[in-house]
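Undergrad:
Numbering (my numbering), first residue to last: 1001 to 1536.
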């Protein structure tokens, strides 16, 4: 790879990260708005379909485009042209065949899925949701070819455009429901329509980029037959094995929600809870999902931004430097996750009131918030392993955590209700974290992942922030719970100031070394705080 291509790849990766953050931010915001407009029951309706729709999005955005970009880059490096007959058609045939089978499975098993979810009125909604998978092959093809040519803008802009259309459609539907124009079950229909419209808007954006690039399938490629082209076995292995595994590496939190969608309400009802109450409890429990997603994605993105493009080859050539980057990223991820968990745990009554207009489920959600620590660090570790070529293995780890979540839900919800679902999430993500850490130690045996952390600094920063938050909470909480606007100002102020206290104490007590700080963005400002500890 030339220096120019490497530079384009790094810039492109940054662009995709920014697009991902914007998209996830919009996702968290619209789900909060949705709950505000339709209540916990309406939120429950949406969350029952969200995992299925999310799988389609992950396949079209991360999984299959990664596989196609790998095939594209390999062919272009060989000096070959991408012809319709030997490249585009085989990919479309394989992906279309796979998705037609997948759509048929969802359509014909919809009655079973609805019974598992505890509501047979979801049969039609699950069947309707299957349509979303029809557009995945062409979206993945456009994105994958562009990425294989080191052009990340089409994927990034189409992702944001798709999300804006989806968010707008869902909020519009929620407004109609809140006004009594549509029933609550219309939320599910709206979610599917929003995904379809979002997909077509992304397709339009990708088509515009493709048209402007003037990069069309060649009729005069060097390869003219399937035998001389990429073997079908390679297509099948790369697209289906590598593509699905790559998508799974972005589905950690989605799988947790998928498990809850089919076990939460039925197990509560089996333990004696009325159907309507069980659904509302599920809606309350799902309040934690946008917060977990937002903090996890932001925390892992900041940490992973520290690591330049790494690969198995680079690890061999620059082992010490790459190891230092990885170690710093994990340390930063731990610090962000610990600070976020402690802050949210203390402030959750106010956050719950601010975002969802009441404090229902605060204690159960406080326990669920603990999973941010496991999810953030495990996603950072899994992303590092994926960069080192261990895509299938990390996907297997995520699959194991999903199975543990399902089994734990079946046992713990019956025993402890909503608390049981929170415990199951924490337990399954803890197992994922353990598997990822073991694999990192196996891959990088000389890297002291946890021994090198300044635990004293982390403890000092945590205690300082906790004491500060309790003091501020004691002073202001009685005044701000009466109005949402006052509460907003209070939560924003105390969150930012609490984070500043945490960061200040962490740096002053040597939580990061000077070399590690220099890797971070805006390191000159952080170094002033760090060096101030030696010059009081």
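Beta carbons are placed, not taken as given, at the ideal position from N, Cα and C, and that holds for glycine.
Taking the alpha helix (DSSP H) that residue 1263 falls in, what are its first and last residues?
TA: Residue numbering aside, residue 1263 sits at position 263 when the chain shown is read from its first letter. Where residue 1263 is concerned, the enclosing alpha helix (DSSP H) stretches over 1252-1270.
Undergrad: What runs of the alpha helix (DSSP H), each 4 residues or longer, lie entirely inside the segment 1064-1148?
TA: Taking only runs of at least 4 residues, the alpha helix (DSSP H) segments lying wholly in the segment 1064-1148 are 1064-1077, 1089-1117, 1123-1129, 1136-1148.
Undergrad: The alpha helix (DSSP H) spanning residue 1370 covers which residue range?
TA: In the chain shown, counting from the first residue as 1, residue 1370 sits at position 370. Segment: none, residue 1370 is in no alpha helix (DSSP H) and carries neither H nor E.
Undergrad: Counting only beta-carbon atoms, is residue 1369 nearer than 8 angstroms to chain B?
TA: In the structure shown, chain B does not exist; there is a single protein chain.
Undergrad: Beta carbon of residue 1591, beta carbon of residue 1338: below 8 angstroms?
TA: There is simply no residue 1591 to check, as the chain begins at 1001 and stops at 1536 in what is shown.
Undergrad: Can you tell me whether residue 1220 is buried or exposed? The criterion is at least 16 other CB atoms within 10 Å of its CB, across all chains shown.
TA: Within the chain shown, residue 1220 is the residue found at index 220, counting from 1. Note that residue 1220 scores a pLDDT of 44, beneath 50, so its modelled location is shaky; the value from the coordinates is reported in the next line. Burial call: exposed.
Undergrad: Using 8 angstroms as the cut-off, can you tell me whether the segment 1177-1188 makes contact with the segment 1134-1148, which would need three or more C-beta pairs spanning the two stretches below that distance?
TA: No, because fewer than three Cβ pairs between the segment 1177-1188 and the segment 1134-1148 fall closer than 8 angstroms, the two stretches do not touch.
Undergrad: Is residue 1273 helix, strand or coil when you go by DSSP?
TA: For the purposes of this step, residue 1273 is taken as the residue at position 273 of the chain shown. Three-state DSSP puts residue 1273 in coil, outside helix and strand.
Undergrad: Quick one, which of 1291, 1322, 1297 has its alpha-carbon nearest residue 1347's?
TA: On the chain shown, position 347 is the one that residue 1347 refers to. Closest by alpha carbon: 1291.
Undergrad: With DSSP collapsed to three states, give me the class of residue 1040.
TA: Locating residue 1040 in the chain shown gives position 40, where the first residue counts as 1. Residue state, collapsed to three classes: helix.
Undergrad: Of the choices 1255, 1369, 1454, whose alpha-carbon is the least far from that of residue 1405?
TA: In the chain shown, residue 1405 corresponds to position 405, counting from 1. Ranking 1255, 1369, 1454 by Cα distance to residue 1405 puts 1255 first.
Undergrad: Alpha carbons only, please: which of 1026, 1425, 1086 is nearest the one belonging to residue 1371?
TA: Taking the chain shown and counting its residues from 1, the one referred to as residue 1371 is at position 371. Taking only the C-alpha atoms, the option nearest residue 1371 is 1425.
Undergrad: Find out if the Cβ-Cβ distance for the pair residue 1071, residue 1163 is shorter than 8 angstroms.
TA: Reading the chain shown from its first residue, position 71 is the one you call residue 1071. Reading the chain shown from its first residue, position 163 is the one you call residue 1163. No.
Undergrad: What is the DSSP secondary structure of residue 1171, reduced to helix, strand or coil?
TA: The sequence position of residue 1171 within the chain shown is 171, counting from 1. Of the three classes helix, strand and coil, the one that applies to residue 1171 here is helix, per DSSP.
Undergrad: Can you grab the Cα-Cα spacing for the pair residue 1260 / residue 1343, in whole Å?
TA: Translated into the one-based positions of the chain shown, residue 1260 becomes position 260. Translated into the one-based positions of the chain shown, residue 1343 becomes position 343. Between residue 1260 and residue 1343, the C-alpha separation is close to 26 angstroms.
Undergrad: Buried or exposed: residue 1461, going by 16 or more other Cβ atoms within 10 Å of its Cβ?
TA: Along the chain shown, one-based indexing puts residue 1461 at 461. Under this definition residue 1461 is a buried residue.
Undergrad: Where does the unbroken alpha helix (DSSP H) through residue 1352 begin, and where does it stop?
TA: Counted from its first residue, the chain shown places residue 1352 at position 352. Looking at the DSSP string, the run of the alpha helix (DSSP H) that includes residue 1352 is 1319-1356.
Undergrad: Please state whether DSSP places residue 1225 in a helix, a strand or coil.
TA: Residue mapping note: residue 1225 aligns to position 225 of the chain shown, counting from 1. Low local confidence applies: a pLDDT of 42 at residue 1225 is under 50, so the model's placement there is unreliable, with the coordinate-based value given in what follows. If DSSP states are grouped into helix, strand and coil, residue 1225 belongs with coil.
Undergrad: For the ligand GTP, I want to know if residue 1027 counts as a neighbour, meaning its beta carbon is within less than 7 angstroms of at least one of the ligand's heavy atoms.
TA: Ligands in the displayed structure: none, and consequently the ligand GTP is not present.
Undergrad: Within its chain, find whatever has a CB closer than 8 angstroms to the CB of residue 1449; leave out the 5 residues flanking it on each side and keep chain order.
TA: For the purposes of this step, residue 1449 is taken as residue 449 along the chain shown, with counting starting at 1. 1327, 1330, 1437, 1440, 1441.
Undergrad: In chain order, what residues of the same chain have a beta carbon less than 7 angstroms from the beta carbon of residue 1170, not counting five sequence neighbours either side?
TA: What you label residue 1170 is simply residue 170 of the chain shown in a count that begins at 1. Cβ within range, chain order: 1030, 1034, 1190, 1191, 1194.
Undergrad: Could you give the first and the last residue of the continuous alpha helix (DSSP H) run that contains residue 1408?
TA: On the chain shown, residue 1408 is found 408 positions in, with the first residue counted as 1. Residues 1391-1416.
Undergrad: Flag this pair as touching only if the segment 1083-1098 and the segment 1266-1286 have three or more C-beta atom pairs under 8 angstroms; answer yes or no.
TA: Contact fails: fewer than three Cβ-Cβ distances are below 8 angstroms.
Undergrad: Output the distance between the C-alpha atoms of residue 1041 and residue 1429, rounded to the nearest integer angstrom.
TA: The residue labelled residue 1041 in the question sits at position 41 within the chain shown. The residue labelled residue 1429 in the question sits at position 429 within the chain shown. The alpha-carbon atoms of residue 1041 and residue 1429 are separated by roughly 27 angstroms.
Undergrad: Considering only residues of the same chain and omitting the five flanking positions on each side of residue 1507, which have a CB-CB separation below 8 angstroms?
TA: Within the chain shown, residue 1507 is the residue found at index 507, counting from 1. Hits under 8 angstroms: 1517, 1526, 1529, 1530, 1533.
Undergrad: Would you call the CB atoms of residue 1049 and residue 1113 closer than 8 angstroms?
TA: In the chain shown, counting from the first residue as 1, residue 1049 sits at position 49. In the chain shown, counting from the first residue as 1, residue 1113 sits at position 113. No, these two residues do not count as a Cβ contact at 8 angstroms.
Undergrad: For the alpha helix (DSSP H) that residue 1238 lies in, which residues bound it at each end?
TA: Position 238 of the chain shown, counted from the first residue, corresponds to residue 1238. Premise fails: residue 1238 is in no alpha helix (DSSP H) and is neither H nor E.
Undergrad: Would you tell me roughly how many angstroms separate the C-alpha atoms of residue 1456 and residue 1373, rounded to the nearest one?
TA: For the purposes of this step, residue 1456 is taken as residue 456 along the chain shown, with counting starting at 1. For the purposes of this step, residue 1373 is taken as residue 373 along the chain shown, with counting starting at 1. Going by the C-alpha atoms only, they are around 18 angstroms apart.
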